[in-house]
Structures are given as structure tokens and as C-alpha cells.
Amino acid sequence: MPILRQRKEAYRARQPGILNLISGAEIDRFLRNGLVGRFGLPDEILRDRRARALAEAEHLIRMMEDEPIGVQIGIVPGTLPHASFQIFRQPERKILALSPFRLGEQPNVLGGIAMITSAPEALSLHERTVQDLWHRALKGPAAASFMRELIAGLPDR
């Protein structure tokens, strides 16, 4: 938790522009299962984790409706590439960070190899991927409506 606090403080100080693409299929699983982490959890803990997933989805809906400056969120129907990546843009260069560490329903924060590169070919390939995914993504009110439909389709709704 201290690391997350430090990241939030750094984000607030810099206020970078963010474009976030989220898989519709992963959101659906996240809402249905909550932040599982591992199997065999007691029902009470699972209910709590599902409630927290729902609260996070509602937070995303508010952000998609408000569309704050510098924050763009797109919901891609279906799945995304399995490896997550970020492109950091600085005035004098771009940097690509590839990460096997994923958050969501089944987080992976223990094992894997990350990579950081400024190779033009890698950056170009990933930027084209982002453009394609962003073009197909639901945004703003359409994305919020999609999220509401997922929530309405939950078994306990």
C-alpha cells in the first residue's frame, strides 16, 4: 500500500495524460468474480471482493461520463493482447514498457520479466496496436452504457 500511495502522489504532482484501454470480457469476469486472487476463499470474502469490483466499475462509469481532462478510457469489446504495455511520452523521446504483471480478477505480481525499450520498431508496432484498439473501443457515454449493461446482467442484480 505505501507504493500505491507514492504512485498516487507522483501522479497528482505530474498529472500525465492517460489513455487506458480495458477489455470488456475482463471487466465482465472482474464483476462476476471480484478480485479473486486465489481459489477457495470463504463466501463472505468473495462477496466483499465482488462488492469492491462493483464499486470500482461504478467509479470507472463516473470517469467515462465526466471525461476529465487528460484521462481517456476506452472499453474494447472482447479481449486485449495478453501482455500489458505502456508508452511513456517525454518531450525528447518515447519509451515502451512491457509488463507481465497484471491486475484484475487474477492478479500476477510475483513472477515474470518486464522490458523497457526505446527501439523505434517496437514503439511503432505498439502505437499502431493502440490506435487500432482505440478506434474499436467504446468511449464516453457509450462505454458507460456498456458497463451499466454488464452490471445489470450480474446474477445478483
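Residues in the sequence shown are numbered consecutively from -18, following this note's numbering.
We treat Cβ as the ideally placed atom computed from N, Cα and C, and that holds for glycine.
A quick note: this is a predicted structure, and the numbers were derived from the prediction, not measured.
Inspect the beta-carbon positions of residue i and residue j and report whether they are closer than 8 Å.
i, j, result
"residue 127", "residue 5", "yes"
"residue 31", "residue 55", "no"
"residue 2", "residue 77", "no"
"residue 116", "residue 66", "no"
"residue 131", "residue 35", "no"
"residue 95", "residue 105", "no"
"residue 53", "residue 119", "no"
"residue 50", "residue 111", "no"
"residue 121", "residue 48", "yes"
"residue 74", "residue 99", "yes"
What does residue i pair with, by DSSP beta-bridge criteria?
i, result
"residue -11", "Answer by DSSP bridge pairing: none, since residue -11 is not bridged."
"residue 55", "2, 120"
Which of the three DSSP states is assigned to residue i in this structure?
i, result
"residue 135", "coil"
"residue -16", "helix"
"residue 48", "coil"
"residue 61", "coil"
Would residue i count as contacting chain D if we go by Cβ distances under 8 Å?
i, result
"residue 28", "No chain D appears in this structure, which consists of one protein chain only."
Please list the segments of the beta strand (DSSP E) lying wholly inside the stretch 63 to 113, counting only runs of 3 or more residues, in order along the chain.
For the stretch 63 to 113, whole beta strand (DSSP E) runs of length 3 or above, ordered along the chain, are 65 to 71, 74 to 80, 96 to 98.
With a floor of 4 residues, list each alpha helix (DSSP H) that falls wholly inside the stretch -10 to 34, ordered by position along the chain.
Taking 4 residues as the minimum length, the alpha helix (DSSP H) runs contained wholly in the stretch -10 to 34 are 5 to 14, in order along the chain.
For the stretch 33 to 48 and the stretch 119 to 137, state whether three or more C-beta atom pairs, one from each stretch, are separated by less than 8 Å.
Yes: at least three Cβ pairs fall under 8 Å.
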